[in-house]
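Chains as they are written, first to last, in the working numbering: chain Z, 10 to 359; chain V, 10 to 359; chain Y, 10 to 359; chain G, 10 to 359.
Everything below concerns the one structure shown next.
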């Protein structure tokens, strides 16, 4: 019953096998091997667009470098108040962008409220040197609370960014989970909506370590080779990242894995909602379930070996928990089984 | 004939196998899995000392974060003029240390001259606010030009660092190659000499991606968890780094691989020196050979498919090359074969 | 009718005269002239405590460097949501601290709510590497909305900071205005309450350019000489800053000037409150008055030549303004006259 | 006998008087007062070119921000090995540019050797991501060793910068001294030669605190308002900087003051050269004299109350000093008198 995070899972056998295959022989390092090129071409195909691709070590690196490529002196970047970039990256985006600031935007269900975004951007209009200047907008898809921006909702955010001349970044640490849920193409969920840069994550979805920054607007990538190297994020043996992505993208493995994660989350959330004693904090649309339940149920599950995190209630939801209740986060992955889900539910319903 | 760099080689079969073994199952992320703990304990054993270990993505990250952990506002860090940190890391040490500066020290054979080091440190004595202040000393073992500091030479550098209260860092991107050559223990080549922090590299010696910062002086590691996360260098699925190190350190695999690389370099350098038309720029003591040879020989080798880099002559060796000569760098690895070496030599002697 | 800011005023004649007196002759630069030493001694006397004093160019520099001296990698600094450091310094604190983050705390009347502060600090407890770690607390006295922390209110904030081992900084851009209002001694309003570092501002209160960072906890100043120089804030001819402070502190000139500013603000706020058509957004306790009044009154005052700023309503006071109303900020200074105040009030009451 | 530095002198009476004149009244802050505008217009007139002007607190700030406006991720900036930016600014340029690096170029008499510059730039050609990329060239006029680039010498440096597409910055901390010596116009010594940005210093030449960054290539100033504010260098009461420059530039006061400094240096250097026991380390062309003389002469002068610095011999001039000799630096200013010079010379000739 491992629900602590999707990064507790290991690697899919096909990905492991592909890595072993690539172990012997020699190849050019630093992103210019044949396999690196193949993966880049494959991503261009998948996204139906000539993209620039930069492998990096972590999702935090992908986000931070994506934002650094559009940051500015005095820059302000807009994100949701629960966004990973502001809540869970220890200031890496601020550090790697050279001290751009993150300005948080409220919004229901982990999604920025367009009106609040619009209002916030105006506070950093050109010329307001004391306040600083708007530099970019970033949204997370799937969101940190397990919800998903609909295509129309992405359009609404993108329209505001475009009107202010701001690049739009998408943190896609759980990109595949959203894609599968929306039944959209990668292009439809990104550049066709106005997304300029994507953090494309594979690690949480069955890879060992596979993260990339993908530029749809390739002009924005001009500084990226230097930004990445200066942040010590340029792997030498890049073919081993490429090998993972190669297997990941083959025959829709990435979507298959995401679908399993989503399905297990759906089963989990349906099961919890069916209980009198539990409810969801937010609708569960991807592979995360945030459940409110009595503290003794959570303790019982822990005692039975279930692994998950007790979560702080967001600052703007003060009434979320009643006496004795706790908020917990359950994350599923490609490796989550129906048995684990059932076992967890049966403890909670006991 | 792949002599371009040791990072053109892939991964040793034992390391690949160990990774596959680790693929299934669940494990705690971010450096606290059982396997992570096991590798830390193993490193403490190998170094005969309780060490603190931090995995990072690249050798540049290991160096930069090691130096960041001892950097200061206005800090100046001393390194050889050919050091990787100053010559090949695109300013990452400066960036990640928050703008500490690297002050280069001359010295024969890629090794800092102790007298020059001593003199330089005095220019940054406490209180000289305009100049800044000495913050650390870093040396590379094996050096960037394929030589090795003897234990006595490390002692000489360490004595100066200690006298000025400066931490001593060792860039060990090619640590194993030096260890094998000196026939010393890991402890003898590091903390017993006065080294406080080590960049312990596995990638160039048969791993896929395995780099660690090792603190012998554990007090210096106090900020490291935050420094690493803030630089986006904290892997989630750390067990896959650990798995590599686990196999790497088992039954002396790391030393066996380094020995092959060294042996092949020795064979290469001996073969070149035996030719009338070639000579070594520096003694070849580890797995790198820097050879001066006629331009047409280098071109012939390239035409035959040999891969290597033409190298700039160092600024302080203006008379190194005669008319028509070029300086080339040849690097061997765990995967280099005797056949490749012979093939290369036969082209050069033709 | 200059109410735009206290930095629209010039310099008090005594300060100008003292500068002229100091113009001839030679003196040691960079903070070690006899006059620099005298001013330091005088400040130690005034604060009844051996202080370390560092002159800098601007209030933003004083705040940023004070915070840099206690910042940490991954550090989080707590301030009110209206604080100058977060609202009006273009990211200078983030930049100069090497990317520490500012975490805003709500609170009525521009003052941090102690409970909200306490709760926020817990989110950045030691070991929470993804969130980062609490590094310092900063409060502004007088606040940005013209109110004043009582001594007991400072105690409450200081107790929380102390309990968490966090240094406490006070932004004293308008220090004298608060001091005069509270009728406290400088020591009582600072280190006797638990303040460790003070941004001591003279510019807004009759100097030309006189800002200092004052350390009551002198150990925290260890890096400051380098931090200041590295931020290009070390003046050469420091005696001209000292000369200003020398006159400023002589015979209580600083308090006299602050008192005039406060008195004029009191007269202004009393006059506005007496009108049916205006009300105060916050109580006016120092030299700033934030008034809500009908848009046409503000326009009439502007048309008559009055200078002031129209102000954005704070994000957490959505109901502050009714239809047609505007929020304006009026700032008084040592140079504000009763005539100007009367003239302004008579326009508003017309 | 104050020869320690030109910043030991105070302020010229005309500048003091102009400041007093400006003390009363109200004016818009942050660089937009009428007087600020007047000084900008006057500088455009003097430089025969529409310039953008940014006041800052110190010469180090002017240099650092000028370089920040043209810095890049991974950027490398070329300067002479004795340049103030690399030798005396505690890493401020590196910090404020966000970790661009300074690469030193050798050259006789404190001036970059064009061939060495050209060769160095090639090491940082586009695409060499490990090395980083060339970002700018900076030269100091007058140089740190008291010499002056001729117009043709500036041309030679500028031609190289232009050929590589690199902006050219001039550190003009002692700009007026060079101008007077060359008998050139400000335009002829700057943009007509290819200089894009100038650090225009008034402090060392009779002001209290008056430094400006002047952009001839105004497009390069696009980020400057934010860079300056983010570095806490935006004064509020800017009119007091403007007042100094206003008097400084009136009736050629700046040139008159520089001429006195140069004349006194000339008298000093001629007097020293006439002695058997002394010689100049470099030709004295502006207001600095670097003299080699017996240690006992220096000691005698110190004993008689003369103030000057003993100087380290540059690293690349190992044979400069013979046994018992010392290198001293003597700096003259607008306030240096013939009497002081004579007194110093008579001690040395005793």
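Ideal Cβ positions, reconstructed from N, Cα and C, are used throughout, including at glycine.
Point to revise | Beta-carbon contacts of residue 286 of chain V that lie in its chain and below 7 Å, excluding the five residues immediately before and after | key: 302, 303 and 306
Exercise for review: Leaving out five residues on either side along the sequence, give the residues of the same chain with a beta carbon under 6 Å from the beta carbon of residue 258 of chain V.
Suggested key: 51
Review point. Name the chain V residues whose beta carbon is nearer than 8 Å to that of residue 263 of chain Z?
Key: Under the 8 Å cutoff, chain V gives no residues; its nearest Cβ is about 16 Å from residue 263 of chain Z.
Practice item. Count the other C-beta atoms from every protein chain shown that fall within 10 angstroms of the C-beta of residue 383 of chain G, then say buried if there are 16 or more, exposed otherwise. Key: No information on residue 383 of chain G is available, as it lies outside the stretch 10 to 359 that chain G covers here.
Point to revise | Reference residue 132 of chain Y; option with closest CA among Y:124, Y:142 and Y:123 | key: Y:142
**Study point:** Contacts of residue 108 of chain V in chain G (Cβ-Cβ under 7 Å)
**Key:** Those are 100, 103, 104 and 108, listed as they occur along chain G.
Exercise for review: Would you list, in chain order, the members of the stretch 127 to 140 of chain Z that have their beta-carbon closer than 8 Å to a beta-carbon of chain Y?
Suggested key: 132, 138, 139 and 140
Practice item. For residue 119 of chain G, collect the residues of the same chain with a Cβ closer than 7 Å to its Cβ; drop the 5 residues on either side in sequence, then sort them by chain order. Key: 89, 91, 152, 153, 154, 156 and 291
Review point. What does a CB cutoff of less than 7 Å around residue 252 of chain Z pick up in its chain, not counting 5 residues either side in sequence?
Key: Here residue 252 of chain Z has 27, 28, 31 and 44 as same chain residues with Cβ atoms under 7 Å from its own Cβ, once five neighbours each way along the sequence are excluded.
Check your understanding: Should residue 246 of chain Y and residue 38 of chain Y be called a contact, given that it needs their Cβ atoms to be closer than 8 Å?
Key -> It is a contact, given that the beta carbons lie within the stated cut-off.
Review point. Which runs of the alpha helix (DSSP H) fall wholly inside the stretch 91 to 119 of chain V and span at least 4 residues, in chain order?
Key: 93 to 96 and 101 to 105
Review point. So with Cβ pairs under 8 Å, would you call residue 339 of chain G a contact of chain Y?
Key: no
**Study point:** Where the alpha helix (DSSP H) through residue 28 of chain G begins and ends
**Key:** 22 to 31
Review point. What is the rounded straight-line gap between the Cα of residue 117 of chain G and the Cα of residue 331 of chain V?
Key: 26 Å
Check your understanding: What is the DSSP secondary structure of residue 353 of chain V, reduced to helix, strand or coil?
Key -> Of the three classes helix, strand and coil, the one that applies to residue 353 of chain V here is helix, per DSSP.
Check your understanding: Residues of chain G with CB under 7 Å from residue 236 of chain Z, in chain order?
Key -> Result: 82.
Check your understanding: When the Cα atoms are used, what is the spatial distance from residue 168 of chain Y to residue 126 of chain Y?
Key -> Going from the Cα of residue 168 of chain Y to the Cα of residue 126 of chain Y covers about 11 Å.
Check your understanding: Using the C-alpha atoms, what's the distance from residue 217 of chain G back to residue 20 of chain G?
Key -> Put simply, the backbone Cα of residue 20 of chain G is about 6 Å away from that of residue 217 of chain G.
Check your understanding: Quick one: Cα of residue 319 of chain V to Cα of residue 17 of chain V, how far?
Key -> 16 Å
Check your understanding: Should residue 210 of chain G and residue 181 of chain G be called a contact, given that it needs their Cβ atoms to be closer than 8 Å?
Key -> yes
Practice item. Could you pull out every residue in the same chain whose Cβ sits closer than 6 Å to the Cβ of residue 297 of chain Z, ignoring the five residues on either side in sequence? Key: 155 and 340
Practice item. Check whether the Cβ atoms of residue 66 of chain Y and residue 66 of chain G sit closer than 8 Å, and answer yes or no. Key: Closer than 8 Å, so yes.
Exercise for review: Please classify residue 102 of chain V: is it buried, with 16 or more other beta-carbons within 10 angstroms of its beta-carbon, or exposed?
Suggested key: buried
Check your understanding: Tell me, which residues are paired with residue 206 of chain V by DSSP?
Key -> V:178 and V:224
Point to revise | Cα-Cα separation between residue 24 of chain Z and residue 342 of chain Z, rounded to whole angstroms | key: So the alpha carbons of these two residues sit roughly 15 Å apart.
**Study point:** Inside the stretch 245 to 333 of chain Y only - beta strand (DSSP E) runs reaching at least 3 residues
**Key:** 297 to 303
Check your understanding: By DSSP, does residue 12 of chain Y sit in helix, in strand, or in coil?
Key -> coil
Practice item. Mind the definition here: the stretch 264 to 273 of chain G touches the stretch 180 to 194 of chain G only if three or more C-beta pairs lie below 8 Å; say whether that holds. Key: Segment contact: the stretch 264 to 273 of chain G against the stretch 180 to 194 of chain G, three or more CB-CB distances shorter than 8 Å; contact assigned.
Exercise for review: Kindly provide the ranges of any beta strand (DSSP E) runs that are 3 or more residues long and lie completely inside the stretch 45 to 73 of chain Z, ordered along the chain.
Suggested key: 61 to 65
Check your understanding: Which ranges would you report for the alpha helix (DSSP H) in the stretch 118 to 149 of chain G if only whole runs of at least 4 residues count?
Key -> Given a length threshold of 4 residues, each whole run of the alpha helix (DSSP H) inside the stretch 118 to 149 of chain G is given here in chain order: 123 to 131.
Exercise for review: Per DSSP, which residues does residue 18 of chain G bridge with? Please list them.
Suggested key: Y:35
Review point. Is the stretch 68 to 76 of chain Z in contact with the stretch 99 to 113 of chain Z, if contact means three or more CB pairs nearer than 8 Å?
Key: yes
**Study point:** Within 9 Å of chain Y by C-beta, residues of the stretch 295 to 321 of chain Z in sequence order
**Key:** 321
Exercise for review: For my contact list, residue 176 of chain Y and residue 145 of chain Y are in at a C-beta cut-off of 8 Å; report their separation, rounded to the angstrom.
Suggested key: 5 Å
Exercise for review: Put residue 237 of chain Z into one of helix, strand or coil per three-state DSSP.
Suggested key: Helix at residue 237 of chain Z.
Check your understanding: How would you label residue 227 of chain G, buried or exposed, when you count the other beta carbons within 10 angstroms and need 16 or more for buried?
Key -> exposed
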